[in-house]
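First the structure, in the form of structure tokens, and then the observations on it.
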Amino acid sequence: MSTISHQTHPFTPGATSAVQDRVDLLLIDDDPSDVLMVEKMLADSGLDALITVAADLPTARRRLTRRTQCIIVDLSAPGIDRLEGLREVLDMSGTAAVVVLTGLDDAGLGVRAVAAGAEDYLVKQEVDGPLLARAVRYAIERKRSEETERRLVEARILGRENARLERGLLPVPLIDDPSLRHHTRYRPGRRRALLGGDFYDTVQTEGGAVHLMIGDVAGHGPDEAALGVQLRMAWRTLVLAGHTGEQLLGTLDTVLGHERRSEEIFTTLCMITIAPSRRTARMHLAGHPAPLLFREEAGAGFEVAALPEYAHGPALGLVPGAEWPTTEIDLGESWGLMLYTDGLIEGRVGAGSTRLGTDGLVELARGARGRGATGRTLIDELVTEVERLNGDALTDDLAVLLLSRQATAS
2 MSTISHQTHP FTPGATSAVQ DRVDLLLIDD DPSDVLMVEK MLADSGLDAL ITVAADLPTA
62 RRRLTRRTQC IIVDLSAPGI DRLEGLREVL DMSGTAAVVV LTGLDDAGLG VRAVAAGAED
122 YLVKQEVDGP LLARAVRYAI ERKRSEETER RLVEARILGR ENARLERGLL PVPLIDDPSL
182 RHHTRYRPGR RRALLGGDFY DTVQTEGGAV HLMIGDVAGH GPDEAALGVQ LRMAWRTLVL
242 AGHTGEQLLG TLDTVLGHER RSEEIFTTLC MITIAPSRRT ARMHLAGHPA PLLFREEAGA
302 GFEVAALPEY AHGPALGLVP GAEWPTTEID LGESWGLMLY TDGLIEGRVG AGSTRLGTDG
362 LVELARGARG RGATGRTLID ELVTEVERLN GDALTDDLAV LLLSRQATAS
């Protein structure tokens with residue numbers, strides 16, 4: 002039997018809970034006899050309906066709730082000017098289906114009403130209880146299907162837009178050296194985020210030097226992500242303008258001071274400049290983990306080690322007038338440099354509180370390299386193994402940059 006209510010409250014007096022299959026209806030009709038007719042038809046049809054009645058549109062707006070699944074509207078009710086009134090109902094309907102139930106036997110109006118967005122058009126004189134109940138059920142399901150399809154289309158559009166945005170924000174390396182191989186891995190820690198506070202870049206300048214950089218803005222929100230993009234773009238601009246080393250870091254420190262939203266925000270950064278000979282490099286560390294060096298020697302196999310970090314300066318944004326000393330690096334003929342953010346080494350090892358750390362990453366890298374992993378495969382194996390040891394996916398932002406060179410035989 003139909004449950005009748007002229008209140009906006011979703012329960013009838015004395016009821017303790019709503020039945021799961023109950024249909025919440027809003028009936029817009031000012032004729033008491035027509036209201037009773039609708040109530041009786043739905044009751045006789047066996048549809049379990051909770052009906053809220055509104056005599057006009059202002060009342061309907063007040064009584065419409067998020068639980069309302071279907072609006073039944075009489076286009077001849079006061080204040081409802083046929084199609085114009087229907088459009089007002091459709092505008093306020095949200096996710097509720099709209100069924101026109103009217104005494105206006107006008108086939109042309111019915112076609113226009115459905116074209117405007119109503120799920121169905123019924124004439125009172127031609128409707129009985131089962132037909133009305135079926136029309137309500139079908140209308141709700143059609144509306145639900147339309148909403149699902151709309152969300153899927155929006156998700157696909159958003160996904161394409163996000164992919165384009167991400168491609169635009171993540172850098173394309175500027176390298177013109179066929180002996181170099183460049184691989185990256187980037188994953189924000191925030192769910193559904195495009196970018197995190199980590200950032201990286203690679204630029205080859207006139208004369209042949211190659212500049213690598215990776216950084217990590219403290220924090221995980223959209224403000225930190227935006228700041229990371231600003232710092233990366235500033236770094237690339239400065240490098241292309243001929244700035245290097247400590248002077249470049251000092252300028253970035255100034256940029257950070259102007260762009261950050263609070264004085265507590267700081268940024269760690271690692272910067273390496275590889276000489277045109279590709280055999281040596283200079284490194285600057287600003288509170289950032291030391292990169293890994295993969296080096297191969299003819300007849301001696303390979304070795305993996307963290308670069309020395311005894312010569313380092315503070316993170317950007319912490320100490321006014323800070324200094325960042327230079328570390329000279331001997332690369333050799335065949336080598337790989339892997340820069341990363343601390344999201345890769347701060348995962349736990351097992352159930353305890355021990356962190357992986359740089360030493361643990363070195364051991365994992367030796368194992369992966371010993372199995373023949375190189376390039377993107379090497380990065381993927383390391384991330385997979387770090388997550389396995391952590392017992393779950395890493396929650397921090399993660400960025401890895403691997404630049405390698407394989408010497409050609411003379």
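Position 74, counted from 1, in the sequence shown is what the working numbering calls 75; the numbers after and before it change by one each time, with no gaps.
Here a beta-carbon is modelled for each residue, glycine too, at the ideal position from N, C-alpha and C.
All of these numbers come straight from a predicted model, not from anything done at the bench.
{"Query": "Alpha-carbon spacing of A408 relative to R182, whole angstroms", "Result": "12 Å"}
{"Query": "Simplified DSSP state of T269, which is helix, strand or coil", "Result": "strand"}
{"Query": "Nearest-angstrom Cα separation, counted from L213 out to P174", "Result": "9 Å"}
{"Query": "Cβ-based burial, Y122 [other Cβ within 10 Å; buried from 16]", "Result": "buried"}
{"Query": "Any alpha helix (DSSP H) of 4 or more consecutive residues that is wholly inside the region 229-272", "Result": "246-260"}
{"Query": "Where R233 falls, given that 16 or more other Cβ within 10 Å makes a residue buried", "Result": "buried"}
{"Query": "Buried or exposed by the 16-neighbour rule on C-beta atoms within 10 Å, applied to Y341", "Result": "buried"}
{"Query": "E260 versus P189 - alpha carbon distance", "Result": "21 Å"}
{"Query": "Residues bridged to M339 [DSSP beta-bridge criterion]", "Result": "L293, L403"}
{"Query": "L383 to G258 span [Cα, whole Å]", "Result": "34 Å"}
{"Query": "6 Å CB neighbourhood of T96 in its chain, flanking five on each side removed", "Result": "E148"}
{"Query": "Buried or exposed (CB count within 10 angstroms, at least 16 for buried), G392", "Result": "exposed"}
{"Query": "Where the alpha helix (DSSP H) through I380 begins and ends", "Result": "376-391"}
{"Query": "Enclosing alpha helix (DSSP H) for E85 [first to last residue]", "Result": "83-94"}
{"Query": "Residues of its chain near H7, where Cβ-Cβ distance is below 6 Å and the 5 sequence neighbours each way are ignored", "Result": "Bear in mind that the predicted position of H7 carries a pLDDT of just 41, short of 50, making it too unreliable to give a figure here."}
{"Query": "Short Cβ contact (9 Å threshold) for G351 with R296", "Result": "no"}
{"Query": "Within 9 Å, strictly: CB atoms of I72 and L26", "Result": "yes"}
{"Query": "Residues near T140 in its chain [Cβ-Cβ closer than 8 Å; skip 5 each side]", "Result": "According to the sequence as given, residue 140 is Ala; it is not Thr. Cβ neighbours of A140 beyond the five flanking positions: C71, A98, V99, V100, E120, D121."}
{"Query": "Beta-carbon gap between V401 and M339 smaller than 9 Å", "Result": "yes"}
{"Query": "E364 - containing alpha helix (DSSP H), residue span", "Result": "358-371"}
{"Query": "First through last residue of the beta strand (DSSP E) which encompasses L213", "Result": "211-218"}
{"Query": "Exposure of V24, with buried meaning 16 or more beta-carbon neighbours within 10 Å", "Result": "buried"}
{"Query": "Euclidean distance between Cα positions of L105 and E155", "Result": "37 Å"}
{"Query": "Cutoff 7 Å; reference D22; Cβ partners in own chain excluding five residues on either side", "Result": "D49"}
{"Query": "Simplified DSSP state of Q21, which is helix, strand or coil", "Result": "Interpretation of Q21 is limited by its pLDDT of 49, a score under 50 that renders its predicted location unreliable; no figure is taken from the coordinates."}
{"Query": "Beta-carbon contacts of R83 that lie in its chain and below 6 Å, excluding the five residues immediately before and after", "Result": "L76"}
{"Query": "DSSP bridge partner residues for R283 (one or two, in chain order)", "Result": "T274, E329"}
{"Query": "Residue-chain proximity (L48, chain D), Cβ-Cβ < 9 Å", "Result": "The structure shown contains no chain D, having only a single protein chain."}
{"Query": "For I158, the residue or residues it bridges with in DSSP", "Result": "DSSP lists no partner for I158."}
{"Query": "Close Cβ partners of I239 (< 8 Å) along its chain, the five nearest in sequence each way excluded", "Result": "Per the sequence presented here, residue 239 reads as Leu, with Ile not at that position. If we look at L239 and ignore the five residues flanking it on each side, its Cβ neighbours are L249, T252, L253."}
{"Query": "Contact under 9 Å by Cβ, R229 with T268", "Result": "For the record, residue 229 in the displayed sequence is Gly; it is not Arg. In this structure, T268 lies closer than 9 Å to G229 by Cβ."}
{"Query": "Exposure of P292, with buried meaning 16 or more beta-carbon neighbours within 10 Å", "Result": "buried"}
{"Query": "Endpoints, the alpha helix (DSSP H) within which E40 is located", "Result": "33-46"}
{"Query": "8 Å contact criterion, which L345 and L399 should meet: CB distance rounded", "Result": "6 Å"}
{"Query": "Reference V289; option with closest CA among R143, A227, G333, A316", "Result": "The residue asked about is misnamed: residue 289 is His in this sequence, not Val. Out of R143, A227, G333, A316, A316 has the C-alpha closest to the C-alpha of H289."}
{"Query": "L43 to R151 span [Cα, whole Å]", "Result": "30 Å"}
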